[in-house]
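Under my numbering, the first residue of the sequence shown carries the number 11, and numbering increases by one thereafter.
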Amino acid sequence: MTGLLGCAPDVELSPPPAETGATSSTSTLVTGRLVGRFPPEAPDLDPAPDVLHVALTASIGAMFDHSVTWAYERTVPGPTLRARVGDTLVVDLHSDLPDDTSIHWHGVHLPWDQDGIEWIQTSVPPGGDRTYTFPLDRAGTYWYHPHFDSAGQVDAGLYGMLVVEDPAEPMPDADWVWVFDVLDEALEDTGSATDHAHGSATASPPWVVNRGVDPEFTVAGGSVLRVRVLNASNTGYLHLDWPGARAIGGDQGLWAAPSDTLPVLAPGDRLVVEFRPAEAPVDVLALPVSLFGGPSPLDTARRVATIRPDPPGPEGAQLSWPFSGAAPAQDGPADLVFTLSGDGEDWRINQQTWPDVTIPEVPLGTEVVVEVRNLSGARHPWHLHGLPFEVLSVDGVSLTTRTTEDTFDVDIRQTVRTRITADLAGDWMAHCHILPHAHGGMMTVIRVQ
Ligand code: C2O
Ligand code: CU
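What follows is the structure in structure tokens.
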């Protein structure tokens, strides 16, 4: 299928863009200058309405500012894959990279042999090809990235968004993708100061949005936007201060209830926002937030993007999103417990370092309560492949509404209890999504059979 909503064409940020006059083909409200840059949408190679078939070539390719990047289809972020729930996704990966690679479909409920991981499965060598095929059975805002040397390859630019739309949701005037990243983190990781990008001294790292520094996005006042935000950074925590934005969803589609408070986004996390530009430009700021807890007094908020209404117009009405209001499931005793510990470059789960881990086994078809305890002095975003989980409680306190996630931040000394439905067999990786922590050993596997 083809993209339904108004993702703008690709316009470079620098040098300052010219008038493009480009408009979305499906929206009358999104008009005017497109100063901000959006990833292009991948063209669909299959005319069948319920198949999205795309080709992705990974290569050393795009050049942005001073850094040469690794890219899918020579663009960073990589092309947005936009499908509808119920579609089948087919991706032909060809690699012209100098190193092995793979594509992991972060957050997607999918057959294990399509998960794109290095654990047991083989990677794609230089010059190699691999086709991934799987059904998209849940709406959500997913992303894709290599699971081979993830810290290096993700930081180099290999990432893109996979949007699975739910036709039951209302159509905003435009559906934007904002991928946040911090450049050259892996380079810094090889130095002595591994925490430089998010450390206690500089708590708000230099964010780029769709690889642009402080871009300006122009859209007609009166439009109603859905903005899908991804934190693709290796280590940076993103706390947006975005006046007027309403949080409506996260990793796994629409939330049970909206929120006017935007959560902190850990590495790998997504957030979906409804935003209604009107008369005045709105600056989106990143507030200082540290991996080591709280804001830093040494840093201040930084502007990361601006949305300029052009022409200005009266504010549009909120859309009626079908929030379920569902209550959380009952918290209960843990079947599996994972402790997170370590420091420096040595990070552990249950006191073990990947790949020397004990693998717990879970019977297929069962429900399992998984407790994650952070015993360390840093935060860790807990990510489980393939099996999205419900968050039952944080430090024993139940959440107010049903919350389904695939990446959930576990704060310092916090205990988070989750419930998974083990409905897919496989060796599902579970790890911290701070990529240097994962590489430092904070990874394990849950075996479902
Ligand atoms: Cu997005 Cu195992 O990772
Ligand atoms: Cu971590």
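No residue lacks a Cβ here, since even glycine has one placed at the ideal position from N, Cα and C.
**Asked** Using the C-alpha atoms, what's the distance from D56 back to L62?
**Response** Between L62 and D56, the C-alpha separation is close to 6 Å.
**Prompt:** Should W357 be counted as a contact of the ligand C2O given a C-beta to heavy atom distance under 8 Å?
**Reply:** For W357, the CB stays at least 8 Å from every heavy atom of the ligand C2O.
**Proximity test, R389 beta-carbon vs the ligand CU heavy atom, cut-off 8 Å** = Taking 8 Å as the cut-off, one finds at least one heavy atom of the ligand CU near enough to the beta carbon of R389.
**Request:** Just mark A336 as buried or exposed, buried being the case when its beta carbon has 16 or more other beta carbons within 10 Å.
**Result:** Here A336 is exposed: its Cβ has fewer than 16 other Cβ atoms, across all protein chains shown, within 10 Å.
**Request:** Determine the closest residue to G354 out of G323, G451 and L394, with distance taken between C-alpha atoms.
**Result:** Taking G354 as reference, the option from G323, G451 and L394 with the minimal CA-CA separation is G451.
**Residues passing the C-beta test against the ligand C2O heavy atoms, cut-off 6 Å** = Checking every Cβ against the heavy atoms of the ligand C2O under 6 Å gives H114, H116, H155, H157, G278, H393, H395, M439, H441 and H443.
**Asked** What's the call for T132, buried or exposed, on a 16-neighbour Cβ count within 10 Å?
**Response** T132 sits exposed, since fewer than 16 C-beta atoms from the chains shown fall within 10 Å of its C-beta.
**Request:** Kindly list the residues whose CB is nearer than 7 Å to the CB of H9, restricted to its own chain and excluding five residues on each side of it in sequence; keep chain order.
**Result:** There is no way to answer for residue 9, as the model of the chain reaches only from 11 to 459.
**Test item: CB-CB of H249 and V274 under 9 Å** = Yes. Within cutoff.
**Asked** With respect to 8 Å, is the separation between the Cβ of L385 and the closest non-hydrogen atom of the ligand CU below this value?
**Response** No, the ligand CU has no heavy atom inside 8 Å of this Cβ.
**Request:** In angstroms with no decimal places, state the Cα-to-Cα distance between P136 and D159.
**Result:** Going from the Cα of P136 to the Cα of D159 covers about 14 Å.
**Request:** Starting from P319, follow its DSSP beta bridges and name the residues at the other end.
**Result:** Residue pairing from DSSP places P319 in a beta bridge opposite V229.
**Request:** Below 8 Å on the Cβ atoms is my guess for Y473 versus H116; work out the distance and round it to an integer in Å.
**Result:** Outside the modelled stretch of the chain, which goes from 11 to 459, sits residue 473, for which no answer is possible.
**Request:** In angstroms with no decimal places, state the Cα-to-Cα distance between D320 and G231.
**Result:** Using only the alpha carbons, I get a separation of about 6 Å.
**Prompt:** Can V95 and D185 be called in contact, C-beta distance under 9 Å?
**Reply:** No, these two residues do not count as a Cβ contact at 9 Å.
**Message:** Judging by CA-CA distance, which residue of L409, V458 and T428 is the nearest neighbour of I369?
**Reply:** Selected option, being the one with the closest Cα: V458.
**Message:** Within the continuous beta strand (DSSP E) that includes S5, where are the two ends?
**Reply:** An answer regarding residue 5 cannot be provided, because it is not within the stretch 11 to 459 covered by the chain.
**Asked** Just the Cα atoms here: how many angstroms apart are V237 and E415?
**Response** Taking the straight line joining both Cα atoms gives about 18 Å.
**Request:** With distances taken Cα to Cα, identify the nearest neighbour of N241 among N220, G254, D251 and L235.
**Result:** Closest by alpha carbon: N220.
**Asked** In terms of residues, what are the limits of the beta strand (DSSP E) holding D139?
**Response** It spans D139 to P145 - the beta strand (DSSP E) in which D139 sits, taken as one unbroken run.
**Asked** Under a three-way DSSP split, which group does P268 fall into?
**Response** In the structure shown, P268 falls within a strand segment according to DSSP collapsed to helix, strand and coil.
**Request:** Check whether the Cβ atoms of H395 and W357 lie closer than 9 Å to each other.
**Result:** Not closer than 9 Å, so no.
**Item:** Sufficient close CB pairs (3 or more, under 8 Å) joining the segment 78-88 to the segment 379-392
**Value:** No: the two stretches stay apart, fewer than three of their Cβ pairs being nearer than 8 Å.
**Message:** Alpha carbons only, please: which of L385, L374 and V404 is nearest the one belonging to D433?
**Reply:** Of the listed residues, the one whose Cα sits closest to D433 is L374.
**Request:** Measure the Cβ-Cβ separation of E226 and A255 and say whether it is below 9 Å.
**Result:** Not a contact, by the Cβ cut-off of 9 Å.
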